[in-house]
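To start, the structure itself, in structure tokens.
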DNA sequence: TCTTCATCTAGTAATTTTTACTAAATAACG
DNA sequence: CGTTATTTAGTAAAAATTACTAGATGAAGA
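Chains as they are written, first to last, in this note's numbering: chain A, 147 to 404; chain B, 147 to 404.
The structure is reproduced here in structure tokens:
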């Protein structure tokens with residue numbers, strides 16, 4: 147959605163190529179240096195912060211739509227997106243709040259309430275994690291701003307997106323115990339302390355300095371490299387990389403992390 | 147949907163009180179005496195077996211809709227329904243298969259392809275477990291037949307419902323390890339062998355005769371009663387009941403079953 | 001009545017996993 | 001070269017899981 151012409155066509159004819167009444171919203175978590183952030187956009191129409199979201203093309207699967215939406219709206223590409231829950235409470239979109247005057251001001255169109263967009267919508271929630279330091283954000287006609295927010299300093303979100311974030315976080319943490327993560331969140335070579343810090347940040351709690359890395363190694367997820375990293379006036383920790391075979395197997399079959 | 151008049155109104159005006167493009171499908175598992183079954187309906191229009199499904203009223207939450215749909219279509223009431231996944235592949239409904247002649251024969255309406263029903267639909271999947279011996283099935287205008295099928299003798303299902311069942315089963319088994327079940331599946335008083343058989347049937351594998359019940363007791367889920375059950379020429383096993391307090395707590399907080 | 005038999009279940013031993021703790025190795029700095 | 005903070009191997013203690021044994025039991029049948 148680059149310009150007003152495209153946007154006008156979307157408003158008038160969108161229902162022909164998108165599935166009406168169904169949207170997708172994505173909770174994109176970003177990690178870097180023990181900081182956990184969430185990607186939000188400020189929607190030009192509701193004038194508040196939301197999860198990046200959009201509609202499903204009639205030719206797409208839900209996963210493909212989620213991928214495209216995040217790419218278009220935020221510039222973040224190639225994410226591992228995971229469906230977590232679908233939201234459909236009748237009051238979630240708060241159609242009653244619709245402001246006809248503001249709609250006209252922004253779109254130049256009358257009869258906003260008859261638009262295919264302004265009707266009850268069920269939303270499929272996806273979540274993902276990425277390294278926020280590697281992303282290049284951009285905006286489009288709908289998202290006036292795109293930004294990473296500290297996970298414990300989020301603004302109030304529009305619609306039911308607060309509940310979505312809570313649910314996404316809950317699912318993410320449950321899944322952390324059953325599936326490996328880190329492949330796109332850490333450099334190719336990392337220390338045991340770095341991967342432990344990653345898990346601690348995502349889980350929001352301390353893990354054992356010695357036992358947790360041993361568990362990862364016992365599961366066969368890590369390859370010990372001969373190189374070391376220099377960290378100043380301390381013993382240099384070994385570098386590790388992921389054992390890609392074992393990692394992918396764990397993604398399929400699941401693991402048990404204590 | 148009791149009669150043709152109601153059904154005709156549904157065809158013509160359904161989009162006014164239902165949310166178009168979104169449906170709900172329910173995988174209702176039934177347990178009794180070490181048998182696991184699945185509730186299916188034979189849909190009068192596609193002329194094949196499907197999961198019971200329907201549309202969402204514009205005033206309902208997803209959960210309320212799922213409850214109502216199962217009650218209306220099958221007669222089973224008051225189920226604990228759990229959302230498990232949303233399905234939206236563009237080819238899942240196989241609109242291409244639509245048969246205009248058959249549509250006219252059944253509905254007396256021309257222009258079937260313009261109906262709000264015959265358009266791409268995204269479906270939210272719910273699952274539940276109940277005691278099939280306690281249910282009283284009935285049919286309606288859409289479901290020509292309603293029946294319990296043995297889980298390993300299912301007929302080929304229409305649409306993508308085979309995949310839905312597989313996914314529902316997968317989620318159910320994962321959740322069995324984290325949440326207690328049995329409250330509506332066993333009599334108020336039951337033996338350790340009976341509850342073990344329940345878990346064995348649902349998980350599809352053998353559990354230790356001695357250790358598994360000990361685990362349930364250790365978790366505080368069971369009350370030992372003073373009564374016993376007579377099972378013929380053998381030692382009479384003790385009867386147990388659920389500790390409702392601990393059971394509900396486990397539902398909220400989760401447990402770990404080995 | 002007494003033996004037989006299949007099942008239930010308490011008890012415990014063996015094993016594995018988890019958790020807690022100790023101390024040696026080490027790299028850079030002053 | 002001693003100091004210092006960190007990494008990490010190693011092991012001991014505790015807990016949980018799994019495997020196994022044997023007595024208890026209730027009814028059927030001799």
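Just so you know, even glycine gets a beta-carbon here, dropped at the ideal spot from N, CA and C.
Chain B places no beta carbon closer than 8 Å to that of residue 298/A, leaving this residue out of the contacts. Relative to the Cα of residue 313/B, the nearest Cα in the group 254/B, 228/B, 154/B belongs to 228/B. Per DSSP, the unbroken beta strand (DSSP E) holding residue 232/A starts and ends at 228-233. Per DSSP, residue 220/B is one residue of the alpha helix (DSSP H) stretching across 208-220.
Linking residue 296/A to residue 347/A through their CA atoms gives a straight-line distance of about 12 Å.
Counting along the chain, residue 181/A sits inside no alpha helix (DSSP H); it lies in the beta strand (DSSP E) bounded by residues 181-189. A straight line joining the alpha-carbon of residue 277/B with that of residue 302/A spans about 44 Å. Taken atom to atom, the span from the alpha-carbon of residue 235/B to that of residue 164/B is near 21 Å.
Closer than 8 Å to the CB of residue 166/A there is at least one CB belonging to chain B. Residue 238/A and residue 387/A have their alpha carbons spaced roughly 44 Å apart. Under the three-state reduction of DSSP output, residue 161/B falls in the helix class.
Less than 8 Å divides the Cβ of residue 385/A from the Cβ of residue 375/A.
The Cβ of residue 397/B sits no closer than 8 Å to any Cβ of chain A. Residue 319/B is outside the set of residues whose beta carbon lies under 8 Å from a beta carbon in chain A. Secondary structure of residue 307/A (DSSP, three-state): helix.
Looking at 377/A, 342/A, 367/A, 380/A, the one whose alpha-carbon comes closest to that of residue 397/A is 367/A. Listed by position along chain B, the residues whose Cβ is nearer than 7 Å to that of residue 264/A form an empty set, because the closest Cβ is around 13 Å away. Restricted to the segment 310-350 of chain A, the alpha helix (DSSP H) segments that are unbroken, complete and at least 4 residues in length are 338-349, listed in chain order. With a cutoff of 8 Å on beta-carbon distance, residue 332/A and residue 359/A are scored as not near each other. Put simply, the CB of residue 275/A is far from chain B, with every gap to its CB atoms at 8 Å or more.
Within chain A, the residues whose beta carbon sits less than 8 Å from that of residue 207/B are 234, 235, 236, listed in sequence order.
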